[in-house]
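Just so we're aligned, residue 8 is where the sequence shown starts under this note's numbering, counting upward by one.
Note that the Cβ used here is the ideal one computed from N, Cα and C, for glycine as well.
Notes for the one structure printed next.
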Amino acid sequence: MDMHGEERESQGIVNKLWGMADRYYIHATLLAAILLWIAIIGAMIFDIQIPKAGEEAALGAGGGAVAIPQGQLQPDVVITLYGGELPGGKFGFGLSPDELFTPGPEIRVKQGQVIELRFVNVGELRHGVAIVQSVEKSNPVILFNALVGPPNNPIPPGSEGSVVFVASQPGEFYYQCPVPNHGPKGMWGKFIVEP
Ligand SMILES: [Cu+2]
8 MDMHGEERES QGIVNKLWGM ADRYYIHATL LAAILLWIAI IGAMIFDIQI PKAGEEAALG
68 AGGGAVAIPQ GQLQPDVVIT LYGGELPGGK FGFGLSPDEL FTPGPEIRVK QGQVIELRFV
128 NVGELRHGVA IVQSVEKSNP VILFNALVGP PNNPIPPGSE GSVVFVASQP GEFYYQCPVP
188 NHGPKGMWGK FIVEP
């Protein structure tokens, strides 16, 4: 009786332990599954949000290429115009400091070219130059932001200035001195952008 009793008791403990192990096994499996799932989701999010070393380097290089400061544009063409007064109350432009014409020489560039326009004042008054839609007495419509020596601050005698711009539109345009009345006095020329 005692032996049977002990046997039954020990069997009861074994069964209890098996039961606990069973439940523990289920819990452990469930916990492992949850941890694995968290790890997979975590890895996915981690992968998306944090680029690998190679990708990061590529992004850095691309960002640098996009943000080129305008001052670093390399001109395709450099045009130097000299400007000043002519005998008889006329004003003019030329491609050398010794020969000024009215109107000035015709300038031709190609659409899309980066132009550096230099202006050298060889006269005795203040002057400047701008690419314009049409030659005006004052306040001409300036194209391509191409302006050297604005009307309120023209280039002084013996000085020079320059501007870099893209001739983005084809057409027959002009250049002129933006100082009031200098255009009609002959300080202009044709500026043609070929397509
Ligand atoms: Cu002028």
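Mind checking whether the beta-carbon of residue i lies closer than 7 Å to any heavy atom of ligand 1?
| i | result |
| --- | --- |
| PHE98 | yes |
| VAL142 | no |
| VAL170 | no |
| VAL84 | no |
| VAL121 | no |
Assuming residue i contacts residue j (C-beta within less than 8 Å), just tell me the rounded distance between them.
| i | j | result |
| --- | --- | --- |
| VAL155 | SER169 | 6 Å |
| VAL85 | GLU123 | 5 Å |
| PHE100 | GLY196 | 6 Å |
| VAL129 | GLY90 | 7 Å |
| PHE126 | GLU167 | 6 Å |
So, helix, strand or coil for residue i, using DSSP?
| i | result |
| --- | --- |
| LEU132 | coil |
| SER169 | strand |
| VAL148 | coil |
| SER141 | coil |
| GLY119 | coil |
| GLY91 | strand |
Can you grab the Cα-Cα spacing for the pair residue i / residue j, in whole Å?
| i | j | result |
| --- | --- | --- |
| VAL148 | LEU93 | 25 Å |
| LYS192 | GLY119 | 31 Å |
| GLU201 | GLN176 | 9 Å |
| VAL121 | PRO110 | 24 Å |
| PHE180 | PHE198 | 5 Å |
| ALA226 | ASN146 | Here the chain has residues from 8 to 202 only, and residue 226 is not among them. |
| GLY135 | GLN183 | 8 Å |
| TRP178 | ARG133 | Note on identity: in this sequence residue 178 is Gly, with Trp being the wrong assignment. Answer to the nearest angstrom: the Cα atoms are 29 Å apart. |
| LEU150 | VAL173 | 10 Å |
Check your understanding: Counting only runs that start and end within the region 173–201, where is the beta strand (DSSP E) found for 3 or more residues in a row?
Key -> As far as the region 173–201 is concerned, its whole beta strand (DSSP E) runs of at least 3 residues are 178–183, 195–201.
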